[in-house]
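Some notes on the structure that comes next.
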(Lines of atoms letter the chains of each structure in order from A and count residues from 1; the text may use other names and numbers.)
(Lines give C-alpha, C1' and ligand atoms only; values in the text may rest on other atoms or scores of the structure.)
Protein backbone atom coordinates (compact mmCIF):
# COMPACT_ATOMS: atom_id res chain seq x y z
CA UNK A 1 0.00 0.00 0.00
CA UNK A 2 1.38 3.39 -0.98
CA UNK A 3 2.38 6.03 1.55
CA UNK A 4 -0.65 8.22 0.85
CA UNK A 5 -3.19 5.41 0.94
CA UNK A 6 -5.24 4.91 4.07
CA UNK A 7 -6.67 1.50 4.89
CA UNK A 8 -10.44 1.26 5.03
CA UNK A 9 -11.43 -0.86 7.99
CA UNK A 10 -14.54 -2.92 7.34
CA UNK A 11 -14.78 -5.31 10.31
CA UNK A 12 -15.33 -4.60 14.00
CA UNK A 13 -13.01 -7.14 15.62
CA UNK A 14 -13.32 -8.22 19.26
CA UNK A 15 -11.85 -10.89 21.50
CA UNK A 16 -13.94 -12.52 24.18
CA UNK A 17 -14.34 -15.59 26.33
CA UNK A 18 -17.12 -18.15 25.95
CA UNK A 19 -19.27 -18.23 29.10
CA UNK A 20 -22.13 -20.45 27.92
CA UNK A 21 -23.26 -22.57 24.99
CA UNK A 22 -26.82 -22.66 23.71
CA UNK A 23 -28.85 -24.25 20.95
CA UNK A 24 -27.20 -26.13 18.12
CA UNK A 25 -28.53 -27.17 14.73
CA UNK A 26 -27.18 -28.40 11.37
CA UNK A 27 -23.86 -26.48 11.29
CA UNK A 28 -24.44 -23.80 13.92
CA UNK A 29 -23.86 -23.37 17.64
CA UNK A 30 -25.12 -20.47 19.75
CA UNK A 31 -22.77 -19.06 22.36
CA UNK A 32 -22.63 -16.34 24.98
CA UNK A 33 -19.29 -14.55 24.84
CA UNK A 34 -18.12 -12.03 27.42
CA UNK A 35 -16.45 -9.19 25.54
CA UNK A 36 -14.63 -6.34 27.34
CA UNK A 37 -16.61 -3.16 26.79
CA UNK A 38 -19.56 -4.97 25.20
CA UNK A 39 -20.62 -7.33 27.96
CA UNK A 40 -22.39 -10.60 27.19
CA UNK A 41 -22.60 -10.91 23.42
CA UNK A 42 -24.94 -13.34 21.65
CA UNK A 43 -22.67 -15.16 19.21
CA UNK A 44 -22.78 -17.92 16.61
CA UNK A 45 -20.15 -20.41 15.51
CA UNK A 46 -20.21 -22.62 12.43
CA UNK A 47 -18.32 -25.76 13.58
CA UNK A 48 -17.36 -26.80 10.05
CA UNK A 49 -15.43 -23.54 9.76
CA UNK A 50 -13.99 -22.87 13.22
CA UNK A 51 -14.41 -26.07 15.23
CA UNK A 52 -16.58 -26.34 18.35
CA UNK A 53 -15.95 -23.59 20.90
CA UNK A 54 -16.26 -24.61 24.54
CA UNK A 55 -16.89 -22.68 27.74
CA UNK A 56 -13.65 -20.98 28.73
CA UNK A 57 -12.28 -20.69 25.19
CA UNK A 58 -11.06 -17.35 23.98
CA UNK A 59 -12.63 -16.57 20.61
CA UNK A 60 -12.10 -13.97 17.92
CA UNK A 61 -15.36 -12.33 16.89
CA UNK A 62 -16.66 -10.29 13.99
CA UNK A 63 -19.13 -7.98 15.76
CA UNK A 64 -19.78 -5.58 12.88
CA UNK A 65 -23.42 -6.47 12.18
CA UNK A 66 -24.14 -7.19 15.84
CA UNK A 67 -23.03 -3.70 16.85
CA UNK A 68 -25.30 -2.17 14.20
CA UNK A 69 -28.17 -4.48 15.14
CA UNK A 70 -28.16 -5.76 11.58
CA UNK A 71 -28.67 -9.20 10.13
CA UNK A 72 -31.06 -12.07 10.69
CA UNK A 73 -30.60 -13.34 14.22
CA UNK A 74 -28.50 -10.46 15.51
CA UNK A 75 -25.38 -12.51 16.19
CA UNK A 76 -21.70 -11.76 16.49
CA UNK A 77 -19.85 -14.38 14.45
CA UNK A 78 -16.98 -16.52 15.66
CA UNK A 79 -14.04 -16.17 13.28
CA UNK A 80 -11.60 -18.42 15.13
CA UNK A 81 -10.77 -20.20 18.37
CA UNK A 82 -7.09 -19.16 18.27
CA UNK A 83 -5.80 -21.49 20.98
CA UNK A 84 -7.60 -24.59 19.65
CA UNK A 85 -7.71 -24.58 15.88
CA UNK A 86 -9.71 -27.36 14.17
CA UNK A 87 -7.96 -30.15 12.23
CA UNK A 88 -7.04 -29.62 8.59
CA UNK A 89 -9.76 -30.58 6.11
CA UNK A 90 -9.48 -34.07 4.68
CA UNK A 91 -12.51 -34.20 2.39
CA UNK A 92 -12.43 -34.16 -1.40
CA UNK A 93 -13.33 -31.25 -3.65
CA UNK A 94 -11.70 -28.18 -5.05
CA UNK A 95 -14.59 -25.74 -5.45
CA UNK A 96 -13.78 -22.66 -3.38
CA UNK A 97 -16.77 -20.72 -2.03
CA UNK A 98 -16.90 -17.41 -0.17
CA UNK A 99 -13.92 -16.88 -2.44
CA UNK A 100 -11.10 -14.57 -1.40
CA UNK A 101 -12.69 -13.78 1.93
CA UNK A 102 -10.77 -14.76 5.08
CA UNK A 103 -13.15 -17.69 5.56
CA UNK A 104 -13.13 -19.16 2.05
CA UNK A 105 -13.88 -22.89 2.09
CA UNK A 106 -13.25 -25.82 -0.23
CA UNK A 107 -16.16 -28.11 -1.05
CA UNK A 108 -16.82 -30.91 -3.50
CA UNK A 109 -19.11 -29.77 -6.29
CA UNK A 110 -21.69 -32.00 -7.88
CA UNK A 111 -20.55 -30.56 -11.21
CA UNK A 112 -16.76 -30.81 -10.83
CA UNK A 113 -14.58 -33.37 -12.58
CA UNK A 114 -13.74 -36.74 -11.02
CA UNK A 115 -16.91 -36.87 -8.92
CA UNK A 116 -19.63 -39.51 -9.13
CA UNK A 117 -22.23 -37.09 -10.50
CA UNK A 118 -20.07 -35.20 -12.99
CA UNK A 119 -21.17 -37.31 -15.96
CA UNK A 120 -24.85 -36.99 -15.07
CA UNK A 121 -24.60 -33.21 -14.83
CA UNK A 122 -22.45 -32.95 -17.96
CA UNK A 123 -24.94 -34.97 -19.98
CA UNK A 124 -28.12 -33.41 -18.54
CA UNK A 125 -29.75 -31.15 -21.10
CA UNK A 126 -32.89 -29.92 -19.39
CA UNK A 127 -35.26 -30.15 -16.44
CA UNK A 128 -37.91 -32.08 -18.33
CA UNK A 129 -40.64 -29.60 -17.50
CA UNK A 130 -40.03 -29.74 -13.73
CA UNK A 131 -41.96 -26.96 -11.95
CA UNK A 132 -39.72 -24.67 -9.91
CA UNK A 133 -41.18 -22.36 -7.27
CA UNK A 134 -39.16 -19.15 -7.10
CA UNK A 135 -39.45 -16.72 -4.19
CA UNK A 136 -37.25 -13.85 -3.11
CA UNK A 137 -37.30 -14.54 0.65
CA UNK A 138 -36.09 -17.63 2.53
CA UNK A 139 -39.19 -17.41 4.74
CA UNK A 140 -41.34 -18.54 1.80
CA UNK A 141 -39.72 -21.99 1.76
CA UNK A 142 -41.75 -23.75 4.49
CA UNK A 143 -45.03 -22.37 3.19
CA UNK A 144 -44.25 -23.41 -0.38
CA UNK A 145 -43.33 -26.87 0.86
CA UNK A 146 -46.58 -27.08 2.82
CA UNK A 147 -48.52 -26.14 -0.32
CA UNK A 148 -46.84 -28.92 -2.29
CA UNK A 149 -47.45 -31.64 0.30
CA UNK A 150 -51.01 -30.51 1.07
CA UNK A 151 -51.70 -31.15 -2.62
CA UNK A 152 -49.65 -34.32 -3.17
CA UNK A 153 -47.77 -35.72 -0.16
CA UNK A 154 -45.88 -38.24 -2.31
CA UNK A 155 -43.90 -35.69 -4.32
CA UNK A 156 -40.15 -35.27 -3.85
CA UNK A 157 -39.11 -31.67 -3.26
CA UNK A 158 -35.58 -30.26 -3.43
CA UNK A 159 -34.40 -26.87 -2.25
CA UNK A 160 -31.83 -24.81 -4.13
CA UNK A 161 -30.33 -22.02 -2.01
CA UNK A 162 -28.83 -19.06 -3.80
CA UNK A 163 -26.28 -16.65 -2.35
CA UNK A 164 -28.34 -13.48 -1.97
CA UNK A 165 -28.64 -13.85 1.81
CA UNK A 166 -26.70 -16.05 4.21
CA UNK A 167 -23.95 -18.01 2.50
CA UNK A 168 -23.89 -20.82 5.08
CA UNK A 169 -26.83 -23.20 4.72
CA UNK A 170 -26.19 -24.36 8.26
CA UNK A 171 -27.29 -20.95 9.54
CA UNK A 172 -30.90 -21.77 8.68
CA UNK A 173 -32.91 -23.36 11.48
CA UNK A 174 -35.69 -23.74 8.91
CA UNK A 175 -33.55 -26.11 6.83
CA UNK A 176 -32.56 -28.05 9.93
CA UNK A 177 -36.22 -28.66 10.80
CA UNK A 178 -37.39 -29.31 7.24
CA UNK A 179 -34.58 -31.77 6.40
CA UNK A 180 -36.79 -34.88 6.75
CA UNK A 181 -39.29 -33.38 4.27
CA UNK A 182 -36.75 -32.40 1.61
CA UNK A 183 -35.09 -34.77 -0.81
CA UNK A 184 -32.01 -32.58 -0.50
CA UNK A 185 -30.51 -29.09 -0.36
CA UNK A 186 -28.26 -27.73 -3.11
CA UNK A 187 -26.18 -24.63 -2.37
CA UNK A 188 -25.10 -22.64 -5.41
CA UNK A 189 -22.89 -19.68 -6.26
CA UNK A 190 -21.00 -18.55 -3.16
CA UNK A 191 -23.44 -20.32 -0.82
CA UNK A 192 -22.24 -23.56 0.75
CA UNK A 193 -23.20 -26.25 3.22
CA UNK A 194 -25.97 -28.03 1.33
CA UNK A 195 -26.24 -31.76 0.74
CA UNK A 196 -24.87 -30.98 -2.72
CA UNK A 197 -22.72 -28.07 -3.86
CA UNK A 198 -22.91 -26.54 -7.34
CA UNK A 199 -21.03 -23.78 -9.13
CA UNK A 200 -24.09 -22.09 -10.65
CA UNK A 201 -27.84 -22.00 -10.23
CA UNK A 202 -28.09 -23.83 -13.54
CA UNK A 203 -26.07 -26.85 -12.41
CA UNK A 204 -27.83 -26.68 -9.05
CA UNK A 205 -31.20 -27.03 -10.76
CA UNK A 206 -29.92 -29.89 -12.90
CA UNK A 207 -28.62 -31.60 -9.76
CA UNK A 208 -32.00 -31.22 -8.08
CA UNK A 209 -33.65 -32.97 -11.02
CA UNK A 210 -31.09 -35.54 -12.15
CA UNK A 211 -29.23 -36.35 -8.93
CA UNK A 212 -31.83 -35.83 -6.20
CA UNK A 213 -34.72 -36.92 -8.41
CA UNK A 214 -36.95 -34.01 -7.41
CA UNK A 215 -40.46 -33.63 -8.78
CA UNK A 216 -40.60 -30.00 -7.64
CA UNK A 217 -37.81 -27.64 -6.66
CA UNK A 218 -37.98 -24.47 -4.58
CA UNK A 219 -35.43 -21.70 -5.16
CA UNK A 220 -34.85 -18.84 -2.70
CA UNK A 221 -31.93 -16.98 -1.20
CA UNK A 222 -30.67 -17.97 2.22
CA UNK A 223 -31.88 -16.28 5.42
CA UNK A 224 -31.36 -12.53 5.50
CA UNK A 225 -32.59 -10.17 2.81
CA UNK A 226 -30.70 -7.06 1.71
CA UNK A 227 -32.76 -4.08 0.62
CA UNK A 228 -32.09 -0.37 0.22
CA UNK A 229 -35.52 1.09 -0.48
CA UNK A 230 -34.57 1.66 -4.13
CA UNK A 231 -36.10 0.17 -7.25
CA UNK A 232 -33.20 -2.16 -8.02
CA UNK A 233 -31.13 -2.32 -4.83
CA UNK A 234 -32.49 -5.48 -3.23
CA UNK A 235 -31.19 -9.03 -3.25
CA UNK A 236 -34.55 -10.40 -4.39
CA UNK A 237 -33.85 -9.13 -7.93
CA UNK A 238 -32.14 -12.50 -8.33
CA UNK A 239 -35.57 -14.20 -8.25
CA UNK A 240 -36.09 -12.93 -11.78
CA UNK A 241 -32.72 -14.27 -12.86
CA UNK A 242 -33.65 -17.62 -11.32
CA UNK A 243 -36.78 -17.72 -13.48
CA UNK A 244 -34.60 -17.14 -16.53
CA UNK A 245 -32.38 -20.06 -15.55
CA UNK A 246 -35.40 -22.32 -15.11
CA UNK A 247 -36.73 -21.32 -18.52
CA UNK A 248 -33.39 -21.81 -20.26
CA UNK A 249 -33.21 -25.33 -18.83
CA UNK A 250 -36.72 -26.32 -19.88
CA UNK A 251 -38.40 -26.12 -16.49
CA UNK A 252 -41.56 -24.29 -15.52
CA UNK A 253 -40.94 -21.20 -13.38
CA UNK A 254 -43.65 -20.53 -10.79
CA UNK A 255 -43.54 -17.18 -9.03
CA UNK A 256 -44.40 -17.04 -5.33
CA UNK A 257 -45.66 -13.50 -4.88
CA UNK A 258 -44.73 -11.41 -1.89
CA UNK A 259 -48.14 -10.16 -0.71
CA UNK A 260 -48.92 -8.31 2.50
CA UNK A 261 -51.53 -6.20 4.21
CA UNK A 262 -49.46 -6.05 7.41
CA UNK A 263 -46.21 -4.46 6.20
CA UNK A 264 -46.17 -0.77 7.21
CA UNK A 265 -44.13 0.18 4.13
CA UNK A 266 -46.37 1.18 1.20
CA UNK A 267 -44.03 -0.37 -1.40
CA UNK A 268 -44.60 -3.82 0.13
CA UNK A 269 -48.39 -3.66 0.61
CA UNK A 270 -50.52 -5.59 -1.83
CA UNK A 271 -48.01 -7.19 -4.18
CA UNK A 272 -44.55 -5.99 -3.15
CA UNK A 273 -42.55 -3.98 -5.65
CA UNK A 274 -39.89 -6.69 -5.17
CA UNK A 275 -42.15 -9.24 -6.86
CA UNK A 276 -43.35 -6.80 -9.51
CA UNK A 277 -39.78 -5.87 -10.42
CA UNK A 278 -38.13 -9.30 -10.27
CA UNK A 279 -40.88 -11.17 -12.09
CA UNK A 280 -42.20 -8.37 -14.28
CA UNK A 281 -38.96 -6.78 -15.44
CA UNK A 282 -36.15 -9.30 -14.91
CA UNK A 283 -37.79 -12.64 -15.78
CA UNK A 284 -37.64 -12.11 -19.53
CA UNK A 285 -38.80 -15.59 -20.58
CA UNK A 286 -42.02 -15.42 -18.59
CA UNK A 287 -43.18 -16.87 -15.29
CA UNK A 288 -46.52 -18.09 -13.99
CA UNK A 289 -47.54 -15.79 -11.14
CA UNK A 290 -49.72 -17.52 -8.57
CA UNK A 291 -52.27 -15.43 -6.67
CA UNK A 292 -54.10 -17.13 -3.80
CA UNK A 293 -57.86 -17.09 -3.51
CA UNK A 294 -59.32 -16.34 -0.10
CA UNK A 295 -57.46 -13.11 0.62
CA UNK A 296 -60.59 -11.11 1.26
CA UNK A 297 -62.22 -8.66 -1.10
CA UNK A 298 -60.09 -5.58 -0.34
CA UNK A 299 -56.67 -7.22 -0.48
CA UNK A 300 -57.74 -9.49 -3.33
CA UNK A 301 -58.78 -6.49 -5.38
CA UNK A 302 -55.49 -4.74 -4.58
CA UNK A 303 -53.53 -7.81 -5.75
CA UNK A 304 -55.55 -7.98 -8.95
CA UNK A 305 -54.85 -4.31 -9.66
CA UNK A 306 -51.15 -4.69 -8.87
CA UNK A 307 -50.81 -7.61 -11.28
CA UNK A 308 -52.76 -5.94 -14.09
CA UNK A 309 -49.60 -4.26 -15.37
CA UNK A 310 -47.62 -7.47 -15.78
CA UNK A 311 -46.25 -8.16 -19.27
CA UNK A 312 -48.14 -10.63 -21.46
CA UNK A 313 -45.41 -13.24 -21.03
CA UNK A 314 -46.40 -13.60 -17.35
CA UNK A 315 -49.60 -15.57 -16.85
CA UNK A 316 -51.50 -14.79 -13.63
CA UNK A 317 -53.26 -17.80 -12.14
CA UNK A 318 -55.62 -17.62 -9.15
CA UNK A 319 -55.29 -20.82 -7.15
CA UNK A 320 -57.83 -22.34 -4.77
CA UNK A 321 -56.53 -22.37 -1.19
CA UNK A 322 -58.95 -24.78 0.49
CA UNK A 323 -57.15 -26.53 3.32
CA UNK A 324 -53.99 -24.42 3.12
CA UNK A 325 -54.79 -22.27 6.16
CA UNK A 326 -55.15 -25.39 8.27
CA UNK A 327 -51.93 -26.86 6.84
CA UNK A 328 -50.00 -23.65 7.49
CA UNK A 329 -51.15 -23.58 11.10
CA UNK A 330 -49.54 -27.01 11.53
CA UNK A 331 -46.19 -25.88 10.10
CA UNK A 332 -43.24 -27.74 11.69
CA UNK A 333 -41.30 -24.46 11.74
CA UNK A 334 -42.38 -21.10 13.08
CA UNK A 335 -43.64 -19.05 10.14
CA UNK A 336 -42.04 -15.61 10.25
CA UNK A 337 -41.16 -12.94 7.72
CA UNK A 338 -39.74 -9.52 8.40
CA UNK A 339 -40.36 -10.06 12.10
CA UNK A 340 -44.03 -10.88 11.64
CA UNK A 341 -45.57 -14.33 11.89
CA UNK A 342 -48.77 -16.24 11.34
CA UNK A 343 -51.54 -15.16 11.15
CA UNK A 344 -50.41 -11.52 10.96
CA UNK A 345 -48.75 -12.20 7.59
CA UNK A 346 -51.35 -14.75 6.47
CA UNK A 347 -51.45 -13.34 2.91
CA UNK A 348 -47.69 -13.78 2.45
CA UNK A 349 -47.62 -17.39 3.59
CA UNK A 350 -50.85 -18.24 1.79
CA UNK A 351 -49.34 -16.91 -1.47
CA UNK A 352 -46.25 -19.11 -1.07
CA UNK A 353 -48.37 -22.14 -0.22
CA UNK A 354 -50.58 -21.48 -3.27
CA UNK A 355 -47.46 -21.39 -5.45
CA UNK A 356 -46.45 -24.75 -4.00
CA UNK A 357 -49.90 -26.14 -4.70
CA UNK A 358 -49.83 -24.92 -8.29
CA UNK A 359 -46.37 -26.44 -8.81
CA UNK A 360 -47.55 -29.78 -7.44
CA UNK A 361 -50.39 -29.80 -9.96
CA UNK A 362 -47.96 -29.16 -12.84
CA UNK A 363 -45.65 -32.11 -12.24
CA UNK A 364 -45.38 -34.01 -15.54
CA UNK A 365 -46.24 -37.69 -15.37
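Numbering (the working numbering), first residue to last: 871 to 1235. Built from N, CA and C at the ideal position, the CB exists for glycine as well. Bear in mind the structure is a predicted one, so any value in this text is a computation, not a measurement.
Taken through DSSP and simplified to helix, strand or coil, residue 881 comes out as coil. Per DSSP, the continuous alpha helix (DSSP H) segment holding residue 1218 begins and ends at 1216-1231. Setting aside the 5 residues that flank it on each side, residue 1233 is surrounded in the same chain by 1001, 1025, 1085 and 1086, each with a C-beta closer than 7 Å to its C-beta; the list follows chain order.
Assigned with DSSP and collapsed to three states, residue 1026 falls in coil, not helix or strand. From the listed residues 1009, 925, 981 and 920, the smallest Cα separation to residue 1220 is found for 1009. Counting along the chain, residue 993 sits inside the alpha helix (DSSP H) bounded by residues 988-993.
Between residue 946 and residue 1214, the alpha-carbon positions lie close to 29 Å from each other. In the three-state reduction of the DSSP assignment, residue 1057 falls in the strand class. Taking the Cα positions, residue 958 is about 13 Å away from residue 917.
CA-CA distance, residue 981 to residue 969, rounds to 18 Å. Exposure of residue 1200 is indicated by the presence of fewer than 16 other C-beta atoms within 10 angstroms of its C-beta. For residue 1088 and residue 1075, the gap between their C-alpha atoms comes out near 10 Å. Shortest Cα-Cα distance from residue 1018 to any of 1003, 1031, 1032 and 961 involves 1003. Between the alpha carbons of residue 938 and residue 913 lies a gap of roughly 14 Å.
Taking a contact to require three or more Cβ pairs closer than 8 Å, the segment 1149-1161 and the segment 1027-1038 do not qualify as touching.
A straight line joining the alpha-carbon of residue 923 with that of residue 902 spans about 11 Å. With at least 16 other beta carbons inside 10 angstroms of its own, residue 1158 counts as buried.
Closest by C-alpha distance to residue 1050, out of 896, 1154 and 978, is 896.
Judged by DSSP in its simplified three-state form, residue 932 adopts strand. Following the DSSP letters along the chain, one finds residue 1070 in no beta strand (DSSP E), marked with neither H nor E. Just so you know, the alpha carbons of residue 1011 and residue 1068 end up roughly 20 Å apart.
In chain order, 1202 and 1203 place their CB closer than 7 Å to the CB of residue 1047, counting only its own chain and leaving out the 5 sequence neighbours on each side. With fewer than 16 other Cβ atoms inside 10 Å of its own Cβ, residue 1190 counts as exposed. Between residue 1077 and residue 1056, the beta carbon gap of about 5 Å places them in contact (Cβ cut-off 8 Å). The beta carbon of residue 1105 sits closer than 8 Å to those of 1006, 1034, 1035, 1091, 1095, 1096 and 1097, all from its chain and outside the five residues before and after it, given in chain order. The segment 1058-1140 contains, as complete alpha helix (DSSP H) runs of 4+ residues, the segments 1071-1080 and 1108-1118 (chain order). Between residue 998 and residue 978 the beta-carbon gap is near 26 Å, outside 8 Å, which marks them as no contact. Per DSSP, reduced to three states, the secondary structure at residue 969 is coil, with no helix or strand assignment. Note that the C-beta distance between residue 1177 and residue 1187 is not below 8 Å.
Under the three-pair Cβ rule at 8 Å, the segment 1159-1168 counts as touching the segment 1124-1132. The continuous alpha helix (DSSP H) containing residue 1020 extends over residues 1010-1021. If you check the CB distance, residue 943 and residue 887 do not come in under 8 Å. Setting aside the 5 residues that flank it on each side, residue 1039 is surrounded in the same chain by 896, 897, 1031, 1045, 1055, 1057, 1061, 1062, 1063, 1064 and 1092, each with a C-beta closer than 8 Å to its C-beta; the list follows chain order.
Runs of alpha helix (DSSP H) with 4 or more residues, each lying fully within the segment 1160-1199, are found at 1167-1177 and 1194-1199, listed in chain order. When DSSP states are grouped into helix, strand and coil, residue 947 belongs to the strand group. When the alpha-carbon of residue 890 is set against those of 1079, 994 and 915, the nearest one is in 915.
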